[in-house]
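Asker:
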Amino acid sequence: MAGGAIVNARGDGKEYPGNMTLFVFLTCLVAATGGLIFGYDIGISGGVTSMDSFLRKFFPAVFRKEKQDTSTNQYCKFDSQLLTTFTSSLYLAALIASFFASTVTRVFGRKWSMFGGGVTFLVGAALNGAAKNIAMLIVGRILLGIGVGFANQSVPVYLSEMAPAKLRGMLNIGFQLMITIGILAANLINYGTAKIKGGWGWRVSLALAAVPAGIITLGSLFLPDTPNSLIERGYDEKARSMLCKIRGTDDILDEYADLKAASEESKTVRHPWRNIVQHRYRPQLIMAILIPFFQQVTGINVIMFYAPVLFKTIGFGNDASLMSAVITGLVNVFATFVSIFTVDKLGRRKLFLQGGVQMIVCQAIVGTLIAIKFGTSGEGHLSHTYAGAVVAFICIYVAGFAWSWGPLGWLVPSEIFPLEIRSAGQSITVSVNMLFTFVIAQAFLALLCRLKFGLFYFFGGWVVIMTIFVAFFLPETKGVPIEEMVLVWKGHWFWSRFIADEDIHVGSTLEMANGKKGGGAAAVATV
């Protein structure tokens, strides 16, 4: 494993010189806008599929079913596999695209992967806005999915590599913040376009996806490459210069030596996809699979991309359902700031655990409230007060997600992989995320029809499992340099069995540097 293993006796990751610079802040801000395209799509699809004009044109059977007598089972009004294919086809395309994005990210750099994602999303937005039939709609969604796959593969890695270790959490969560802003913007746009007379509001909603796509496409052209990527591709002097620029100091010997050691190790790996299944990478591989899986089975996307349909299903009117989605979108944005300002102080584990408990309680309450009014028959009506209580607990649930599994589900996988398998590891994270987003998107309306209020208990049960998993198996990664993360696994009570002593490379340059500073005994961290 690449990277020097010198840490201080307190068990924290060693600190490199340098602080947050304006240059780093601005580059991370621009890169994070890649999250806008993902968020906008999550928010826009649910609102569009609740618009009568959209359903009448593309899904007339669902439209007729919705307009039947209100005594019809409320749980099953929108159950249509064709309708869910519209939403979920994007995520299947993103899954496949993420594997190709891995090669682009590694060979050409992170910024060109972002650029490719933005351009593809731009074309998809144009097709969807001009859609004449289902085929055109689905092809547009697939192109959007390819864009999301490329952006989600490259942006979190870019942010983690550019950020100083002590602020990596805050800067990386900018990606999740942009996702939440994209969702909120989509909800507000849906609320406005639903009022357009003439039945073409849905076209505006879908076509405006070109705006976030344009932002990341143009923005990526001005982004510098990360030092890690430059070294990986043989541009050592450019990497040294970039490292000085982003750290705001010329004292970059230790960090540069770590990056070089990681790069030399990565050059011995010709087949990262084959290497990633090796015994010594087992902890990272398991996290790359389970963290995005758990993020999706929290049930958050049920709330986010089906919020208007969900609220409409449980008795809210058209305007009320869209406004409720706007409210949850606002909560999502503001709660993400909690994570931004606390993740590098409290650490990842505390936020995961607190958010998990909060979500469990809220899902149990929401499931019970819906069960009391609709039972298993699906027939009932919500008073304004009762409906307000449902929205309130959904908002508390969204807040819990927004400062835990939302941002940390992207942050932790992006910071745990060594350079030699980082692109492959991030591709696994994105593909697993997209796979289960696809599965849940495709299955949600059918599950709601069959499990009824029990759907909330179903997702709540998964949150119990993932909270227990974090408590026992996820080590704390705050403040640890990204190329030193092997020490976190080596010091963990369970994962240490997979890391042999020879997998930890102690750079002599770093030992000398440490000795010159009189920093005392160097020790392997115990996490």
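Heads up, the final residue of the sequence shown is numbered 1032 in the numbering used here, and it's a clean run with no missing numbers.
Beta carbons are placed, not taken as given, at the ideal position from N, Cα and C, and that holds for glycine.
Since the model is a prediction, treat every value here as computed from it, not as a measurement.
Pop quiz: F958 and L913 are said to be a contact at Cβ under 8 Å. What is the actual Cβ separation, rounded to whole angstroms?
Answerer: Looking up residue 958 in the sequence shown gives position 453. Looking up residue 913 in the sequence shown gives position 408. Actually they do not touch by this definition, with Cβ atoms about 29 Å apart.
Asker: Find out if the Cβ-Cβ distance for the pair V624, G539 is shorter than 9 Å.
Answerer: On the sequence shown, position 119 is the one that residue 624 refers to. On the sequence shown, position 34 is the one that residue 539 refers to. Not a contact, by the Cβ cut-off of 9 Å.
Asker: CA-CA distance, V944 and L588?
Answerer: For this step, residue 944 is matched to residue 439 along the sequence shown. For this step, residue 588 is matched to residue 83 along the sequence shown. Their Cα atoms are separated by approximately 14 Å.
Asker: Would DSSP call V985 helix, strand or coil?
Answerer: By 1-based counting over the sequence shown, the position of residue 985 is 480. If DSSP states are grouped into helix, strand and coil, V985 belongs with coil.
Asker: Starting from the N-terminal side, write out each stretch of the alpha helix (DSSP H) that is 4 residues or longer and does not extend beyond the stretch 732 to 811.
Answerer: Listed in chain order, they are 732 to 737, 741 to 752, 758 to 772, 777 to 780, 787 to 801, 805 to 810.
Asker: Straight-line CA distance for L627 to A718?
Answerer: Along the sequence shown, one-based indexing puts residue 627 at 122. Along the sequence shown, one-based indexing puts residue 718 at 213. Answer to the nearest angstrom: the Cα atoms are 5 Å apart.
Asker: Could you work out which residue in F922, E920, W910 is closest to V968 when comparing CA atoms only?
Answerer: For this step, residue 968 is matched to residue 463 along the sequence shown. Among F922, E920, W910, the Cα nearest to that of V968 is on W910.
Asker: Helix, strand or coil for W910 per DSSP?
Answerer: Here residue 910 corresponds to residue number 405 of the sequence shown, with the count starting at 1. If DSSP states are grouped into helix, strand and coil, W910 belongs with the helices.
Asker: Report yes or no: do three or more beta-carbon pairs, one from the stretch 960 to 978 and one from the stretch 649 to 663, lie closer than 8 Å?
Answerer: Taking 8 Å as the limit for Cβ pairs, the verdict is that the stretch 649 to 663 does not touch the stretch 960 to 978.
Asker: I need the straight-line Cα distance from L541 to A691, nearest angstrom please.
Answerer: For the purposes of this step, residue 541 is identified with residue 36 of the sequence shown, where counting begins at 1. For the purposes of this step, residue 691 is identified with residue 186 of the sequence shown, where counting begins at 1. Distance between the alpha carbons of L541 and A691 is about 10 Å.
Asker: What do you reckon, are the CB atoms on I721 and F613 nearer than 9 Å?
Answerer: As a first step, residue 721 is located in the sequence shown; it is residue number 216 there, counting from the start. As a first step, residue 613 is located in the sequence shown; it is residue number 108 there, counting from the start. No; because the gap between Cβ atoms is not below 9 Å, this pair is not in contact.
Asker: Please state if the CB of P788 and the CB of P449 are separated by a distance shorter than 9 Å.
Answerer: Residue 449 falls outside the range modelled here, since the chain spans only 506 to 1032, and no answer is possible.
Asker: Using the Cα positions of N646 and G629, report the straight-line distance between them to the nearest angstrom.
Answerer: Position 141 of the sequence shown holds residue 646. Position 124 of the sequence shown holds residue 629. Reading off the sequence shown, one finds Arg at residue 646, where the question assumed Asn. C-alpha separation (whole angstroms): 6 Å.
Asker: Run through DSSP, which three-state label would P669 get?
Answerer: Within the sequence shown, numbered from 1, the residue matching residue 669 stands at position 164. Reduced to three states, the DSSP call for P669 is coil.
Asker: Could you give the distance in angstroms between the alpha-carbon of R561 and the alpha-carbon of H886?
Answerer: Locating residue 561 in the sequence shown gives position 56, where the first residue counts as 1. Locating residue 886 in the sequence shown gives position 381, where the first residue counts as 1. Cα-Cα distance, rounded: 25 Å.
Asker: I need the straight-line Cα distance from H1097 to I973, nearest angstrom please.
Answerer: Residue numbering for the chain in the displayed model covers 506 to 1032; residue 1097 lies beyond these limits and cannot be assessed.
Asker: Between the C-alpha atoms of I870 and S844, what's the straight-line distance to the nearest angstrom?
Answerer: Here residue 870 corresponds to residue number 365 of the sequence shown, with the count starting at 1. Here residue 844 corresponds to residue number 339 of the sequence shown, with the count starting at 1. Each residue's alpha carbon lies about 24 Å from the other.
Asker: Excluding the five sequence neighbours on either side, which residues of its own chain have a C-beta within less than 7 Å of the C-beta of F999, listed in chain order?
Answerer: For the purposes of this step, residue 999 is identified with residue 494 of the sequence shown, where counting begins at 1. So the qualifying residues of the chain are F978.
Asker: Smallest Cα separation from M792: which of N938, S829, A598?
Answerer: One-based indexing of the sequence shown puts residue 792 at position 287. For M792, the nearest C-alpha among the options comes from N938.
Asker: If I549 and S594 are in contact, beta carbons under 8 Å, what's the gap, nearest whole angstrom?
Answerer: Looking up residue 549 in the sequence shown gives position 44. Looking up residue 594 in the sequence shown gives position 89. In fact, because the Cβ distance is near 14 Å, the residues do not count as touching under 8 Å.
Asker: Thinking C-alpha only, which one of G622, A566, S665 is nearest R927?
Answerer: To locate residue 927, count along the sequence shown from 1; it is residue 422. Of the candidates G622, A566, S665, the one whose C-alpha sits nearest the C-alpha of R927 is S665.
Asker: So the alpha helix (DSSP H) L632 belongs to, where does it begin and stop?
Answerer: Along the sequence shown, read from residue 1 onward, the residue named residue 632 stands at position 127. Looking at the DSSP string, the run of the alpha helix (DSSP H) that includes L632 is 615 to 634.
Asker: Would you identify the three-state DSSP class for V1011, choosing helix, strand or coil?
Answerer: Position 506 of the sequence shown, counted from the start, is the residue given in the question as residue 1011. Because the pLDDT of V1011 is 44, which lies under 50, any placement of that residue in the model is unreliable, and the number read from its coordinates should be weighed accordingly. Three-state DSSP puts V1011 in coil, outside helix and strand.
Asker: Count Cβ pairs between the stretch 703 to 712 and the stretch 522 to 538 that sit closer than 8 Å; are there 3 or more?
Answerer: no
Asker: Taking the continuous alpha helix (DSSP H) assigned at L924, which residues delimit it?
Answerer: By one-based count along the sequence shown, residue 924 stands at place 419. Careful: L924 lies outside any alpha helix (DSSP H) and carries neither H nor E.
Asker: Express the C-alpha separation of F559 and M828 in angstroms, rounding to a whole number.
Answerer: Translated into positions along the sequence shown, residue 828 becomes position 323. Translated into positions along the sequence shown, residue 559 becomes position 54. One C-alpha to the other measures close to 19 Å.
Asker: Determine the contact status of N837 and L689, defining contact as a CB-CB distance below 9 Å.
Answerer: Along the sequence shown, read from residue 1 onward, the residue named residue 837 stands at position 332. Along the sequence shown, read from residue 1 onward, the residue named residue 689 stands at position 184. Yes; because the gap between Cβ atoms is below 9 Å, this pair is in contact.
Asker: At 4 residues or longer, what runs of the alpha helix (DSSP H) sit wholly inside the stretch 523 to 608?
Answerer: 527 to 537, 539 to 553, 557 to 563, 565 to 571
Asker: Consult DSSP for M990 and reduce its assignment to one of helix, strand or coil.
Answerer: Residue numbering aside, residue 990 sits at position 485 when the sequence shown is read from its first letter. Three-state result, M990: coil.
Asker: For N695, name the three-state secondary structure that DSSP assigns.
Answerer: Looking up residue 695 in the sequence shown gives position 190. It is helical.
Asker: When you compare only the Cα positions, how much space is there between M864 and A946?
Answerer: As a position in the sequence shown, residue 864 is number 359, starting the count at 1. As a position in the sequence shown, residue 946 is number 441, starting the count at 1. Going by the C-alpha atoms only, they are around 20 Å apart.
Asker: Spatial neighbours of V896 within its chain, please: C-beta separation below 8 Å, excluding the five flanking residues on both sides.
Answerer: Looking up residue 896 in the sequence shown gives position 391. The residues are F816, S829, I832, T833.
Asker: Tell me the DSSP secondary structure of Y521 in three-state form.
Answerer: Locating residue 521 in the sequence shown gives position 16, counting from the first residue. Coil at Y521, not helix or strand.
Asker: With distances taken Cα to Cα, identify the nearest neighbour of A904 among A951, F655, L758, F839.
Answerer: Residue mapping note: residue 904 aligns to position 399 of the sequence shown, counting from 1. Nearest C-alpha to A904: F839.
Asker: Taking N677 as the reference, give the member of T873, F655, V848, F591 with the closest Cα.
Answerer: As a working mapping, residue 677 is identified with position 172 in the sequence shown. Comparing Cα-Cα distances from N677 to each of T873, F655, V848, F591, the minimum goes to V848.
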